[in-house]
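Residue numbers (the numbering used here): 1215 to 1721.
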């Protein structure tokens, strides 16, 4: 693993598609590599060169899934990470790939469907295995508000020159994933009493081969054999995380009708059991049963709806080991499920006592899968795991405009003018690149201190209309009123009506 820091430019930066330079890095420093030129698939007037001017107020922007920006290092160099800042990166998450090439024609993807934190305007570092390349390309897949890709600053880094975090040490899964608000349930222990490990012990815990880090420290491996210990409520084994709160001290329990709740998993199902090749990888559970899960049956990957195990097939040709992004988003009684950024299904369900789960839940046992041994298992590798909860509409969900007559859509007014800030993980033991980015986020800028509440103006009264957020071109997200009461005119597009995150009431 490498720690990357944004270095100040030491010379003038030329503005244009080529001839843009970052400082030359020696083999033993942490300065970014020299970028000789930059090109992009398209732009809206915010050009590619803006990502190399050391100015977070400028950006490159392009619309559409697959928009890309390419950095030419001039000659083959050893590349190990990129550090990228995103336009409006503190209020929405962007999804992207990183690709490397020796000739600019043949590309190797080293990071796939990576999601930004959504918590900072500063640069965030993204590590990958060291490789030789002349060209580095970032391919955008939109963000949680629209399909634009907008980058304010990029640096490319080589391998570590020594020192730092030590080049890939990850003794425990908590060194790779942020497990602050989780506990792990394992397929070992006494009959109907599997081992559960909670915080703070989880911060320095591993159990080979059931819950360990990948050899290259890129992921955590979850394995559940058909002969594993099961809970009293299931006949199938699992190596699975269960969502917690309060730094792992309290079981999470939330409602589908209150707030916005999101889980994004970057994962790959790598192994399935014999005879019954079924594995669950990621789910929402309520107080009594699973609500929806990602379920692999052979090569067919499904999203379930309660007891309907084949509610929605997202692919019939899944190959073991293929990374994909699974996303659950819940608000206003609707559960939206995404596969690689594309909405697959929306379930209208009211439920409570809910929580997220992630890992390997093998859907087989010794009664239906042979051999009955620890060598017959389901396995999932998780590369990144992110859960967010919000009181309002939340990132990635837009308040719906009314349908039918006035008042048909029930909106909730804000009950408080203070929105709690996201908590900071206590143990600090997770992916070093992401940790460094979060520690460095906001340095040299003004903003809300970590852990402090964010305060927004509270509306004085419920308005007799509904506001919905829109996106104009890319940079100027705004709220507009789709209709008004009393014959008042509709404000022009882009006219603010309420602060972001507030929903006005219906009459």
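By construction, the Cβ of each residue, glycine as well, lies at the ideal position given by its N, Cα and C atoms.
Given a threshold of 16 other Cβ atoms within 10 Å of its Cβ, counted over all protein chains shown, does residue 1484 qualify as buried or as exposed?
-> As a first step, residue 1484 must be located in the chain shown, where it is residue number 270. Classification of residue 1484: buried, given that the 10 Å Cβ count is 16 or more.
Starting from the C-beta of residue 1344, find all residues in its chain whose C-beta is less than 6 Å away, skip the five residues before and the five after it, and write them out in chain order.
-> Translated into positions along the chain shown, residue 1344 becomes position 130. Excluding residues within five positions, the ones whose Cβ falls inside 6 Å are 1292, 1294 and 1373.
Candidates 1276, 1348 and 1578: closest to residue 1289 by CA position = Locating residue 1289 in the chain shown gives position 75, where the first residue counts as 1. Nearest option by C-alpha distance: 1348.
Residues near residue 1308 in its chain [Cβ-Cβ closer than 6 Å; skip 5 each side] | Taking the first residue of the chain shown as 1, we reach residue 1308 at position 94. Once the five neighbours on either side are set aside, the close Cβ partners of residue 1308 are 1300, 1330 and 1357.
What residues in its chain sit with their C-beta under 7 Å from that of residue 1675, if we drop five residues either side in the sequence?
-> The sequence position of residue 1675 within the chain shown is 461, counting from 1. Low local confidence applies: a pLDDT of 35 at residue 1675 is under 50, so the model's placement there is unreliable, with the coordinate-based value given in what follows. By the criterion of a C-beta distance shorter than 7 Å, residue 1675 is surrounded by no residue of its chain, once the five residues flanking it on both sides are discounted.
Neighbourhood of residue 1574 by C-beta distance below 7 Å, restricted to the same chain and skipping five residues each side = As a working mapping, residue 1574 is identified with position 360 in the chain shown. 1436, 1437, 1438, 1452, 1453, 1454, 1493, 1495, 1592, 1593 and 1594.
Quickly, what does DSSP pair residue 1284 with across the bridge? List them, please.
-> Here residue 1284 corresponds to residue number 70 of the chain shown, with the count starting at 1. For residue 1284, which the question treats as bridged, DSSP gives the partners 1253 and 1351.
Should residue 1480 and residue 1539 be called a contact, given that it needs their Cβ atoms to be closer than 8 Å?
-> Taking the chain shown and counting its residues from 1, the one referred to as residue 1480 is at position 266. Taking the chain shown and counting its residues from 1, the one referred to as residue 1539 is at position 325. Between residue 1480 and residue 1539, the CB-CB gap stays under 8 Å.
Starting from the Cα of residue 1567, find the closest Cα among 1464, 1269, 1312 and 1579 and give me that residue.
-> Position 353 of the chain shown, counted from the first residue, corresponds to residue 1567. Comparing alpha carbon positions, the residue from 1464, 1269, 1312 and 1579 closest to residue 1567 is 1464.
Ordered along the chain, which non-local residues of its own chain (more than five positions away) have a Cβ less than 6 Å from that of residue 1511?
-> For this step, residue 1511 is matched to residue 297 along the chain shown. Excluding residues up to 5 positions away in sequence, 1492 lie with their Cβ nearer than 6 Å to the Cβ of residue 1511 in the same chain.
For the beta strand (DSSP E) holding residue 1362, just list the boundary residues, first then last.
-> Indexing the chain shown from 1 puts residue 1362 at position 148. Per DSSP, the continuous beta strand (DSSP E) segment holding residue 1362 begins and ends at 1362-1371.
Close Cβ partners of residue 1555 (< 6 Å) along its chain, the five nearest in sequence each way excluded | By 1-based counting over the chain shown, the position of residue 1555 is 341. Only 1309 and 1355 meet the Cβ criterion.
Mapping DSSP to helix, strand and coil, what is residue 1457?
-> For the purposes of this step, residue 1457 is identified with residue 243 of the chain shown, where counting begins at 1. Correct three-state label for residue 1457: strand.
8 Å contact criterion, which residue 1400 and residue 1425 should meet: CB distance rounded = Residue numbering aside, residue 1400 sits at position 186 when the chain shown is read from its first letter. Residue numbering aside, residue 1425 sits at position 211 when the chain shown is read from its first letter. Rounded to whole angstroms, the Cβ separation of residue 1400 and residue 1425 is 6 Å, and the two are in contact under 8 Å.
Close beta carbons around residue 1304, own chain, < 8 Å, minus the five adjacent residues each side = One-based indexing of the chain shown puts residue 1304 at position 90. 1332, 1333, 1334, 1335 and 1661.
Decide yes or no for the touch test of the region 1363-1370 against the region 1246-1262: beta carbon pairs closer than 8 Å, at least 3 of them.
-> The count of Cβ pairs closer than 8 Å, one atom from the region 1363-1370 and one from the region 1246-1262, reaches three, so the stretches are in contact.
Near residue 1535, which residues of its chain fall below 7 Å by C-beta distance, leaving aside the five closest residues on each side in sequence?
-> What you label residue 1535 is simply residue 321 of the chain shown in a count that begins at 1. Excluding its 5 nearest sequence neighbours in each direction, residue 1535 has C-beta neighbours in its own chain below 7 Å: 1482 and 1484, listed in chain order.
Find out if the Cβ-Cβ distance for the pair residue 1542, residue 1596 is shorter than 8 Å.
-> Position 328 of the chain shown, counted from the start, is the residue given in the question as residue 1542. Position 382 of the chain shown, counted from the start, is the residue given in the question as residue 1596. In this structure, residue 1596 does not lie closer than 8 Å to residue 1542 by Cβ.
Residue 1282 to residue 1365 span [Cα, whole Å] = To locate residue 1282, count along the chain shown from 1; it is residue 68. To locate residue 1365, count along the chain shown from 1; it is residue 151. Straight-line Cα distance between these residues: approximately 10 Å.
Hey, could you find the ends of the beta strand (DSSP E) residue 1468 is sitting in?
-> Here residue 1468 corresponds to residue number 254 of the chain shown, with the count starting at 1. No residue range can be given for residue 1468, since it is assigned to no beta strand (DSSP E) and is classified by DSSP as neither H nor E.
Going by alpha carbons, who is nearest to residue 1261 out of 1363, 1328, 1322 and 1311?
-> Within the chain shown, numbered from 1, the residue matching residue 1261 stands at position 47. When each option's Cα is compared against that of residue 1261, the closest is 1363.
Beta-carbon spacing of residue 1403, residue 1443 below 8 Å = Residue mapping note: residue 1403 aligns to position 189 of the chain shown, counting from 1. Residue mapping note: residue 1443 aligns to position 229 of the chain shown, counting from 1. For residue 1403 and residue 1443, yes; Cβs fall inside 8 Å.
CA-to-CA distance, residue 1477 to residue 1466, given in whole angstroms | Counted from its first residue, the chain shown places residue 1466 at position 252. Counted from its first residue, the chain shown places residue 1477 at position 263. For residue 1466 and residue 1477, the distance between alpha carbons rounds to 13 Å.
Pick helix, strand or coil for residue 1387, following the three-state DSSP scheme.
-> Within the chain shown, residue 1387 is the residue found at index 173, counting from 1. Three-state result, residue 1387: helix.
Three-state secondary structure assigned by DSSP to residue 1309 | By 1-based counting over the chain shown, the position of residue 1309 is 95. DSSP places residue 1309 in strand when its eight states are reduced to three.
Among 1473, 1583, 1446 and 1306, which one has its Cα closest to the Cα of residue 1490?
-> Reading the chain shown from its first residue, position 276 is the one you call residue 1490. Comparing alpha-carbon positions, the option among 1473, 1583, 1446 and 1306 lying closest to residue 1490 turns out to be 1583.
Hey, quick one: how far does the beta strand (DSSP E) through residue 1499 stretch, first residue to last?
-> Residue numbering aside, residue 1499 sits at position 285 when the chain shown is read from its first letter. Here the beta strand (DSSP E) through residue 1499 covers 1492-1499.
Residue 1319 versus residue 1284 - alpha carbon distance = For this step, residue 1319 is matched to residue 105 along the chain shown. For this step, residue 1284 is matched to residue 70 along the chain shown. Distance from the CA atom of residue 1319 to the CA atom of residue 1284, rounded to whole angstroms, is 12 Å.
Whether residue 1522 touches residue 1509 by CB criterion (8 Å) | By 1-based counting over the chain shown, the position of residue 1522 is 308. By 1-based counting over the chain shown, the position of residue 1509 is 295. Cβ distance not < 8 Å, so residue 1522 and residue 1509 don't count as in contact.
Alpha carbon to alpha carbon, what distance is there between residue 1273 and residue 1469?
-> Within the chain shown, numbered from 1, the residue matching residue 1469 stands at position 255. Within the chain shown, numbered from 1, the residue matching residue 1273 stands at position 59. Straight through space, the alpha carbons of residue 1273 and residue 1469 are spaced by roughly 38 Å.
Among the residues of its own chain, which have a CB less than 7 Å from the CB of residue 1562, if the five just before and after it don't count?
-> On the chain shown, residue 1562 is found 348 positions in, with the first residue counted as 1. So the list reads 1547 and 1548, once near-sequence residues are dropped.
Backbone CA spacing between residue 1351 and residue 1328 [nearest angstrom] | As a position in the chain shown, residue 1351 is number 137, starting the count at 1. As a position in the chain shown, residue 1328 is number 114, starting the count at 1. Note on geometry: alpha-carbon atoms of residue 1351 and residue 1328 lie some 14 Å from one another.
Presumed contact (8 Å Cβ cut-off) between residue 1513 and residue 1530, rounded CB distance | Here residue 1513 refers to the residue found at position 299 when the chain shown is read from its first residue. Here residue 1530 refers to the residue found at position 316 when the chain shown is read from its first residue. Rounded to the nearest angstrom, the Cβ distance from residue 1513 to residue 1530 is 6 Å, consistent with a contact under 8 Å.
Report, in whole angstroms, the separation of the C-beta atoms of residue 1505 and residue 1515, which I expect to be a contact under 8 Å.
-> What you label residue 1505 is simply residue 291 of the chain shown in a count that begins at 1. What you label residue 1515 is simply residue 301 of the chain shown in a count that begins at 1. Residue 1505 to residue 1515, Cβ: 18 Å. No contact.
Which of helix, strand or coil does DSSP assign to residue 1476?
-> By one-based count along the chain shown, residue 1476 stands at place 262. Looking at residue 1476 - three-state DSSP - the assignment turns out to be strand.
With distances taken between CB atoms, is the gap from residue 1339 to residue 1297 smaller than 8 Å?
-> Your numbering for residue 1339 matches position 125 in the chain shown. Your numbering for residue 1297 matches position 83 in the chain shown. Yes, the pair counts as a contact, with Cβ atoms nearer than the cut-off.
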